[in-house]
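Take a look at the structure set out below.
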Amino acid sequence: MTDTPMPQPPPPIGREVAVAQRVLSELLAGLLREADTTVETWLVLDTLAAQGQPVGADSFRRDLAGRLQVDESSIAQLLDRLRADGALHVTGEGGADEAHLEFTSDGAAFHRRLSERLRGNTVELLSPLVWGRLSHPIFPQSRRHEARHGGGAA
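Once you know that position 57 of the sequence shown is 832 in the working numbering, the rest is easy, because the numbers rise by one and skip nothing.
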C-alpha cells in the first residue's frame, strides 16, 4: 500500500470573495472618480434606471436607504444634490399624491455615458477569467481544464 499525499484544500472562499469585492469596489470607485462622480451617485442613477421611471420619490428614497443600509436623510441629501445639478426632476410636489422622481434628459445622458464606460471596463476586467487564462489558486479547476483541453483559451 502506497501513501498517497493528501491534496491541499482550496483556500477559504470567503477570504477570496472579500478580496475580489474590495478590488472590484476600488476599480468602480476609480472609474467613477475619472468621470467626476461617486459610487453613491452611480447607485442612485443606476437604481433609478433599473426601476424604470417615474418612481415615487418617498418610496424610492426609503427603499434605497434600506438596501444600502444608510440613513434615509443621506439619500435625501444626495437626491437634492442631483436635482440641483440637473440630473433628476421631481413632479407632483406638494400635491395630494406622492411626488415622482425621474431623470432629466441630462441625467439620462449622464447615466448612459457612465453605463457605457463601466460596461467597457467590465469586459477588460473580466477578460482574464476566460477558461485557459486563469492562474490564481482560487481557480484550480482552470488548471485541470487546461490539462484536459491542451490549455486552449476560449
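The beta-carbon is built from N, C-alpha and C at its ideal position, and this holds for glycine as well.
If you draw a straight line from the alpha carbon of residue i to that of residue j, how long is it in whole angstroms?
i, j, result
"alanine 859", "proline 782", "60 Å"
"arginine 837", "leucine 876", "13 Å"
"threonine 866", "glutamate 891", "28 Å"
"alanine 832", "isoleucine 788", "39 Å"
"valine 830", "leucine 854", "13 Å"
"phenylalanine 878", "threonine 816", "13 Å"
"glutamine 826", "serine 834", "12 Å"
Taking C-beta to C-beta, are residue i and residue j nearer than 8 Å?
i, j, result
"valine 814", "alanine 804", "yes"
"valine 819", "leucine 806", "no"
"threonine 812", "leucine 889", "yes"
"aspartate 881", "glycine 895", "no"
Apart from the five residues on each side of it in sequence, which residues of its chain come closer than 8 Å, Cβ to Cβ, to residue i?
i, result
"alanine 851", "Arg836"
Apart from the five residues on each side of it in sequence, which residues of its chain come closer than 7 Å, Cβ to Cβ, to residue i?
i, result
"glutamate 847", "Arg836, Arg837 and Ala840"
Identify which residue in the options has its Cα closest to the Cα of residue i.
i, options, result
"threonine 822", "Glu873, Glu801, Gln844 and His886", "His886"
"alanine 824", "Ala884, Pro784 and Val845", "Ala884"
When we look at the beta-carbon of residue i and count the other beta-carbons within 10 Å, is it buried (16 or more) or exposed?
i, result
"leucine 863", "buried"
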